[in-house]
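> Take this structure first; my questions come after.
Protein chains: 2
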Amino acid sequence: MAETANGRTVPDLSDLSDPAPDPASAPASDGAPLARSGTAERVAVVLRDRIAAGYFPPGSRLSEESISGALAVSRNTLREAFRLLSHERLLEHRLNKGVFVRVLAVDDLIDIYRVRLLVECAALRNLGEPPYDLTDVEAAVSTGEQAAQAGDWAVCSTANIRFHQALAGLANSPRTDELMRSVLAELRLAFHVMADPRRFHEPYLSRNREITNRLTEGDAAGAERMLAFYLEDSRRQLAEAYAERLTAR
Amino acid sequence: MAETANGRTVPDLSDLSDPAPDPASAPASDGAPLARSGTAERVAVVLRDRIAAGYFPPGSRLSEESISGALAVSRNTLREAFRLLSHERLLEHRLNKGVFVRVLAVDDLIDIYRVRLLVECAALRNLGEPPYDLTDVEAAVSTGEQAAQAGDWAVCSTANIRFHQALAGLANSPRTDELMRSVLAELRLAFHVMADPRRFHEPYLSRNREITNRLTEGDAAGAERMLAFYLEDSRRQLAEAYAERLTAR
DNA sequence: ACGCTAGCGATTGTTCAACAATCTGACAAG
DNA sequence: CTTGTCAGATTGTTGAACAATCGCTAGCGT
């Protein structure tokens with residue numbers, strides 16, 4: 001009953017409630033573009049969360065029959081959801097073979113960082129005059145620091161991602177926002193391939209704080225320079241570890 | 001038989017041949033991400049082309065029944081294609097009302113130009129050392145000039161778009177390329193709302209050429225500066241005319 | 001004549017069952 | 001050990017069915 005190819009069993013999750021009724025977990029559900037909609041979108045949200053949470057590990061196959069059974073929706077509707085997530089590059093659709101949680105290649109990682117460098121730095125450069133709205137940035141850094149202190153690296157990882165999302169958000173462009181959401185969601189896939197999340201997040205907490213400080217001081221150019229180094233370092237470390245981990249399979 | 005809400009009749013187009021067998025029109029088919037695939041993707045390609053060609057004008061409704069009949073695919077498959085195009089923002093899915101060819105708001109136009117400024121300029125700035133590969137850029141400019149001389153403004157428009165795509169392509173990032181494809185496809189929607197395409201393309205031909213020249217000379221910084229002005233001018237002109245045209249309905 | 005409501009037709013939303021196409025793995029023949 | 005073939009399983013696609021919803025119109029009462 002409801003079993004994926006990697007031997008994992010799909011549990012309950014047959015609720016599919018419309019808006020997340022739990023306000024505590026609500027902030028985590030911003031993965032969806034917006035608006036209420038049909039069943040397919042709701043299914044997509046559920047799957048997106050499961051993937052982001054690492055419940056469906058990269059490379060695992062998502063059987064149409066199992067999942068449609070577990071979520072109590074028809075295969076057709078499920079396929080619509082699959083399409084959605086494939087387009088976001090979270091799933092990979094191999095013809096006649098089914099959909100799989102995407103396994104990033106090292107090239108993908110590099111490209112993702114290329115985009116991040118492009119977008120995040122450009123966002124900082126095209127900033128207007130000093131009084132910026134850093135509410136989201138500030139919040140993300142804080143929750144990241146608290147989570148690190150509490151040793152909760154899952155939350156810390158999310159906060160880190162949200163920090164960069166907030167940075168890009170300073171460009172004030174919905175399309176840019178969506179691009180970043182998509183790209184960072186992809187990046188999360190890479191983290192799930194590796195253990196030891198602390199190693200990839202802890203070193204950057206202080207740099208997040210520093211960048212934020214620069215911004216509050218109105219030194220956008222300085223912040224941008226720091227961010228560029230940040231991304232370069234992060235990219236190198238991650239790509240190296242990832243390549244290693246990937247060949248060791 | 002096969003009629004859209006705006007009174008337009010859907011013609012034959014029931015072929016759905018797999019790969020475009022006509023090598024001459026092949027370059028025009030790069031709208032698709034890649035790879036052969038299922039029926040839904042092919043349907044999406046057909047619809048994408050029809051929209052880009054202005055055959056389905058912005059605002060028109062795409063009836064499931066008509067289109068599925070005209071293309072000889074089931075409603076389910078068609079809906080998968082719809083989903084695809086909705087995600088690219090070419091179609092708008094209003095719940096229980098059907099899918100419509102998107103009508104851009106002025107805000108959308110502005111955001112699109114924001115993204116273009118961000119991406120295209122960043123692509124030029126992050127360029128490496130002078131010997132760049134400007135094959136695509138050069139080609140786009142040339143075909144644009146020729147088309148203008150021949151008075152074929154449809155082709156000129158496409159060439160112009162391809163020019164900017166090629167510019168962004170210098171960043172050498174697949175994800176950036178896809179972003180640009182998507183954004184420029186959206187932009188095309190705006191052009192279809194307005195008549196007189198010449199007005200929006202002719203003034204920029206010489207500037208395209210100038211930017212290209214700068215690049216061949218290795219002056220990437222100069223090219224970037226010119227491009228920024230270019231986009232600013234274009235945005236202003238287009239947004240103004242568009243707002244006017246939009247309220248005059 | 002005006003506004004409101006009930007009902008009707010049309011279209012979408014979702015499901016289900018069936019069949020064709022394709023892949024995977026195992027088993028047998030060489 | 002390799003190759004070919006077959007059977008089972010899964011996806012790809014279809015067509016029909018029914019529920020949900022929307023827009024409109026006719027009819028009602030005032």
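Taken in order, these protein sequences are the chains called S and H. Numbering-wise (the numbering used here), the first sequence opens with residue 1 and increments by one. Numbering-wise (the numbering used here), the second sequence opens with residue 1 and increments by one. Ideal Cβ positions, reconstructed from N, Cα and C, are used throughout, including at glycine.
1. I'd like to know if the region 220-235 of chain S and the region 109-124 of chain S are in contact, where contact means that at least 3 CB-CB pairs between them fall below 8 Å.
2. Just to confirm, is the Cβ distance from S:SER63 to S:GLY98 under 8 Å?
3. With a 10 Å radius around its C-beta and 16 neighbouring C-beta atoms as the bar for buried, classify H:ARG94 as buried or exposed.
4. Of all Cβ atoms in chain S, is any one closer than 8 Å to the Cβ of H:SER29?
5. Using 8 Å as the limit for Cβ to Cβ distance, is H:ARG114 near chain S?
6. Quick one: what does DSSP say S:ALA243 is sitting in, helix, strand or coil?
7. I want to verify the contact list: residues of chain S whose CB lies under 8 Å from the CB of H:GLY38, in sequence order.
8. Helix, strand or coil for H:VAL73? Go by DSSP, reduced to three states.
9. Hey, out of H:ALA52, H:SER157 and H:VAL46, whose CA is closest to H:TYR81's CA?
10. Beta-carbon separation of S:MET180 and S:ARG207 under 8 Å?
11. Under 8 Å between C-beta atoms, does H:PRO21 make it to chain S?
12. From which residue to which residue does the beta strand (DSSP E) around S:GLY253 run?
13. In whole angstroms, give me the CA-to-CA distance for H:GLY169 and H:THR176.
14. Of the choices H:LEU184, H:GLU178, H:SER74 and H:PRO174, whose alpha-carbon is the least far from that of H:ALA159?
15. Based on the DSSP secondary-structure assignment, which residues constitute the bridge partners of H:ARG61?
16. For the region 136-144 of chain H and the region 144-151 of chain S, state whether three or more C-beta atom pairs, one from each stretch, are separated by less than 8 Å.
17. Taking 8 Å as the cut-off, decide whether the C-beta atoms of H:ARG102 and H:ARG89 are in contact.
18. If you measure between the beta carbons of S:ARG235 and S:ALA223, is that distance less than 8 Å?
19. With burial defined as no fewer than 16 other Cβ atoms inside 10 Å of the residue's Cβ, what is the status of H:PRO203: buried or exposed?
20. Mark H:THR135 as exposed unless 16 or more other C-beta atoms lie within 10 angstroms of its C-beta, in which case mark it buried.
21. Only counting the same chain, and skipping five residues up and downstream in sequence, which positions put a Cβ closer than 6 Å to that of S:PRO130?
22. Considering only their Cβ atoms, is the gap separating H:PHE200 from H:LEU238 smaller than 8 Å?
23. Using the three-state DSSP reduction, which class does S:LEU187 fall into: helix, strand or coil?
24. Here's the rule: buried if 16 or more other CB atoms are within 10 angstroms of the residue's CB, otherwise exposed. What is S:SER157?
25. Could you spell out where the alpha helix (DSSP H) holding H:GLU92 opens and where it closes?
26. Within 10 angstroms of the Cβ of H:ASP108, are there 16 or more other Cβ atoms? Answer buried if so, exposed if not.
27. Please tell me whether H:TYR132 and H:ALA190 are closer than 8 Å, where the distance is taken between their beta carbons.
28. Quick check for students: name the residue ranges of the alpha helix (DSSP H) that lie wholly in the region 191-248 of chain S, counting only runs of 4 or more.
29. So that I know if they touch, is there some Cβ in chain S lying closer than 8 Å to that of H:GLY43?
30. Buried or exposed: S:ARG75, going by 16 or more other Cβ atoms within 10 Å of its Cβ?
31. How many whole angstroms separate the CB atoms of H:ALA171 and H:ALA123, which I take to be in contact at a CB cut-off of 8 Å?
The short version:
1. yes
2. yes
3. exposed
4. Because H:SER29 carries a pLDDT of 33, less than 50, the predicted location of this residue cannot be relied on, and the following value inherits that uncertainty. Taking Cβ atoms only, chain S never reaches closer than 8 Å to H:SER29, which makes this a no.
5. yes
6. helix
7. LEU95
8. coil
9. What sits at residue 81 of chain H in the sequence shown is Ala, not Tyr. Answer by Cα proximity: H:VAL46.
10. no
11. Residue confidence for H:PRO21 is low, a pLDDT of 34 falling below 50, so the modelled location carries little weight and cannot support an answer.
12. What is shown of chain S runs 1 to 249, which leaves residue 253 of chain S out entirely.
13. 8 Å
14. H:LEU184
15. H:PHE100
16. no
17. yes
18. no
19. exposed
20. exposed
21. GLY218
22. yes
23. helix
24. buried
25. Run containing H:GLU92: none in the alpha helix (DSSP H); it sits in the beta strand (DSSP E), 91-94.
26. buried
27. no
28. 198-216 and 220-247
29. The amino acid at residue 43 of chain H is misidentified as Gly; the sequence shows Val. With 8 Å as the cut-off, H:VAL43 does not count as an interface residue toward chain S.
30. exposed
31. 4 Å
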